[in-house]
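>
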Amino acid sequence: MDLNKLYSKKVIEHFKNPRNMGEIKSPDGMATVGNPRCGDIMRLFIKVGKKNGKEHIKDIKFQTLGCAAAIASSSMLTTMVKGKMLKRIEKINREAVARALGGLSAVKIHCSVLAVDAFKKAIENYRQKK
Amino acid sequence: MKRVYLDNAATTQVDPRVLKAMLPYLKDKFGNPSSIHSWGQEIKKAVEESRKKVASILGCRAGEIIFTSCASESNNLALKGMVEAVTNGNFKKAHIIVSSIEHHAGLDSAKHLEKLGVKVTWLSVDQYGLIDIKEIEKAIQENTVLVSVMYVNNEMGTIEPIAKLGKMIKKLNKFRQSQIYFHTDAVQAIQYLNCNVQGLGVDLLSLSGHKFHAPKGVGLLFKKDGTPITRLQDGGGQEFGLRAGTENVASIVGLIKALELVEEHKKEKVKRVVYLRDKLIKGILKIGGVQLTGHPQKRIPHIASFVVKGAEGEAMILLLDETGIAASSGSACTSKILEPSYVLKAMNIPPELSHGSLRLSLSSKTTEKDIDYVLEVLPKIIKKLRKIAPKL
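Protein sequence lines, in the order shown, are assigned to chains A and B. So for the first sequence, the numbering used here puts the first residue at 9; every next one is plus one. So for the second sequence, the numbering used here puts the first residue at 263; every next one is plus one.
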C-alpha cells in the first residue's frame, strides 16, 4: 500500500507522531465524543489561561481511538488551537482542520468531525463549570 | 527493510513455474481457440487439455468445468444463472437459502435475486461462524431450488461442513419432485482441503486462480451435468455456450499449473502452514485484550484472525505496513461504506470490537522468520495505539 495515496503526507505524519497526546490532570474543560459502536472515540482536555482578562487555550491534550484520519485530525486540531484566544478559535470548523491536513478523501471527512466536536464540547464544559 | 506479506487471503504471488507455463501463450501461441486453422486448433487443444487436468483434480468430467474471469463471476453465474434457468425467469416462484457470511459476490447475487422476487432465507451462524445444518433442513420448502454456503470464510477462516450438507441435500432430493441444487464458494479452501466435488456432494463450485498463485483474471465454475444454467454474458459459444468471450488462454494454462502445484506435497505444506499459523495465533493471543475470531479448530490453515481491544483496524494495518508487514482488517474505516464487517456482526461480535479486527493470512511461502518478525512488531504497534486511545 502506498500510504501517500491513501492519505496526504501531513495526515500520515500526524498519525505517526501525534502532537499533544495524553491527558491533563484536573482540566478546566473536558469532553468525550463518538461512541465505541460507531468506532471512533475521542477525549479532549483543555486548560484555559487568562491574559488581560482575555481567555486563551493554555494547554490541550487528546486521546483518540480510531483510524489514521481520526488520530491525525485530533492531533492537528490541538496544534491549531493551542495558545490561541478562545474567542478567536472557538468557531473552528472541520473544513479548516481537513485543509490543514492537506485534504481528506470524502469517506474520511466524517473522521475529522470528531475532533472539532470534542473541542466545542470541551469549551462548553469549561463554561458550565465557571 | 524486511517485507512480510501476510495477506494471502486477498491475493497471492504468481508462482514462477506458473508464469513459465503461461509465457508461450503470451508469445508465439497466440491463436484464437475458435479458429479452425492450425494456429487456433493448437490453442484449443491447450484449453481442452487444461480442462481435463482440472477435472481430474476436482473429480469430475471435463465438460463440467466452465472457465470464468474470477470467482465473483462464478458465484454470479452459479446463483443468478442457475435460478434464472430453473425458474424460467419466473423468479417469484423460487426460494433459495444462502449463508449470511458469503463473500460479497455470493451475498450480492442473492440480494439481486431477492429484488427480482426470489424468496431468500439468510442463514445465521454461531459465535464461531459455523452454520447449523438443522437450520437449513428446517428452512427448506417445496419451492427451494438452491442452497449456497461457502466452504471457508475469507475473513475468519472457519470451515463449514460442506460434505455433511451435501449428503443431507442428496438425501432430501431423493424424495422431492423438484431438485435442490447445492453451491459452494471454495476459493479459500482449495489449497488446503479436499475439494473433490463427489465427496462434497456439490452441484456448483466456484474457484479463483489468484488465491493460489495463478494470475488475477481467471477462475472457474464446476457445474455438475444436468444442473441448469442460463448464461449471464451473451455472445459467442465459448464454454459450452454458457460464458461468451474469447478464452483467457494463458491464464487458464496458468491456473491449471497452479492447481497441479497445490496438489504437490499437499500434506507437508498443510502441516507446515498449520504449524506457522498456530505459532502466530499463540504469540498474538499473549498480547492482552486480543480475541481469536472464527473456530479454534475447524479453521483453514492459512488464516489467523483476531479482534483487538483498544486499537482500530486501519490504524494497525498502516503501522504494520510501515514496518513492512501486509495484513488486512474488516474495520469500518477500511471499508468504503464505513460499515464494520457483516461477517463479524453475524457472529455476534459487538461493533466496538470488530472495529479492531485484524487478519493475517499465510501461504506455503511464509517462513518462520516472517512469523517471528510479526510477533516482535505487532505488540509494539498495539501498545502504541492503546496509548493514544482514551481509557474507557
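Heads up, the beta-carbon is just placed ideally off N, CA and C, and yes, glycines get one too.
#1: Write down every uninterrupted run of the alpha helix (DSSP H) in the stretch 531-588 of chain B whose length is 4 residues or greater and which is fully enclosed by it, in chain order.
#2: Check whether the Cβ atoms of residue 514 (chain B) and residue 329 (chain B) lie closer than 7 Å to each other.
#3: Is it right to say residue 101 (chain A) is buried, meaning 16 or more other beta carbons lie within 10 angstroms of its own, or is it exposed?
#4: Quick one: is residue 9 (chain A) near chain B, going by C-beta distance under 7 Å?
#5: Go through its chain and collect everything with a Cβ distance to residue 110 (chain A)'s Cβ below 6 Å, but skip five positions before and after it.
#6: Where residue 331 (chain B) and residue 549 (chain B) are concerned, what is the direct C-alpha to C-alpha distance, given to the nearest angstrom?
#7: What is the DSSP secondary structure of residue 472 (chain B), reduced to helix, strand or coil?
#8: Should residue 588 (chain B) and residue 277 (chain B) be called a contact, given that it needs their Cβ atoms to be closer than 7 Å?
#9: According to the neighbour-count rule (16 or more other Cβ atoms, all chains shown, within 10 Å of its Cβ), is residue 547 (chain B) buried or exposed?
#10: Where does residue 10 (chain A) land, buried or exposed, given buried means 16+ other C-beta within 10 angstroms?
#11: Is there a Cβ from chain A that is less than 7 Å from the Cβ of residue 472 (chain B)?
#12: May I ask which residues mark the beginning and end of the alpha helix (DSSP H) holding residue 56 (chain A)?
#13: According to DSSP, is residue 328 (chain B) part of a helix, a strand, or is it coil?
#14: Which residue marks the beginning of the beta strand (DSSP E) containing residue 303 (chain B), and which one marks its end?
#15: Report all residues from its chain with a CB closer than 7 Å to the CB of residue 246 (chain B); omit the five preceding and five following residues, and keep chain order.
#16: Below 8 Å on the Cβ atoms is my contact criterion, and I expect residue 271 (chain B) with residue 564 (chain B) to pass it. Report the Cβ-Cβ distance as a whole number of Å.
#17: First and last residue of the alpha helix (DSSP H) that includes residue 604 (chain B)?
#18: Assuming residue 336 (chain B) contacts residue 483 (chain B) under a Cβ cut-off of 8 Å, what Cβ separation, rounded to an integer in Å, is found between them?
#19: Note down, in chain order, each residue of its chain lying with its Cβ closer than 8 Å to the Cβ of residue 626 (chain B), except the 5 sequence neighbours on either side.
#20: Can the beta-carbon of residue 448 (chain B) be found closer than 7 Å to that of residue 427 (chain B)?
#21: Does the stretch 376-388 of chain B touch the stretch 429-437 of chain B, meaning 3 or more C-beta pairs lie closer than 8 Å?
#22: Identify every residue that forms a DSSP beta bridge with residue 84 (chain A).
#23: Let me know if residue 305 (chain B) comes out buried or exposed under the rule of 16 or more other beta-carbons within 10 Å of its beta-carbon.
#24: Look up residue 382 (chain B) in the DSSP assignment and give the residues it is bridged to.
#25: Residues of the stretch 563-582 of chain B with a CB closer than 7 Å to any CB of chain A: list them in chain order, please.
#26: Between residue 511 (chain B) and residue 308 (chain B), how many whole angstroms is the CB-CB distance? I'm expecting something under 8 Å.
#27: Helix, strand or coil: how does DSSP classify residue 629 (chain B) here?
Checking against the coordinates, here is how it stands:
#1: 575-584
#2: yes
#3: So residue 101 (chain A) counts as exposed.
#4: For residue 9 (chain A), the predicted model reports a pLDDT of 37, less than 50, meaning its position is unreliable and no value from the coordinates is stated.
#5: Same-chain partners within the cutoff: 16, 18.
#6: 41 Å
#7: helix
#8: no
#9: exposed
#10: Interpretation of residue 10 (chain A) is limited by its pLDDT of 43, a score under 50 that renders its predicted location unreliable; the figure taken from the coordinates is listed afterwards. Classification of residue 10 (chain A): exposed, given that the 10 Å Cβ count is below 16.
#11: The C-beta of residue 472 (chain B) comes no closer than 7 Å to any C-beta of chain A.
#12: For residue 56 (chain A), there is no enclosing alpha helix (DSSP H); the residue is part of the beta strand (DSSP E) that begins and ends at 49-59.
#13: strand
#14: Careful: residue 303 (chain B) lies outside any beta strand (DSSP E), inside the alpha helix (DSSP H) at 300-320.
#15: Past the boundaries of the shown model lies residue 246 (chain B); chain B is included only from 263 to 654, so the question cannot be answered.
#16: Under the criterion of beta carbons closer than 8 Å, residue 271 (chain B) and residue 564 (chain B) qualify as touching, at roughly 7 Å.
#17: 604-608
#18: 4 Å
#19: 453, 531, 534, 535
#20: no
#21: no
#22: Bridge partners of residue 84 (chain A): none, in fact.
#23: Buried, by the Cβ-count rule.
#24: B:358
#25: 572, 574, 576, 577, 580
#26: The pair is a contact, with the Cβ atoms about 6 Å apart (cut-off 8 Å).
#27: coil
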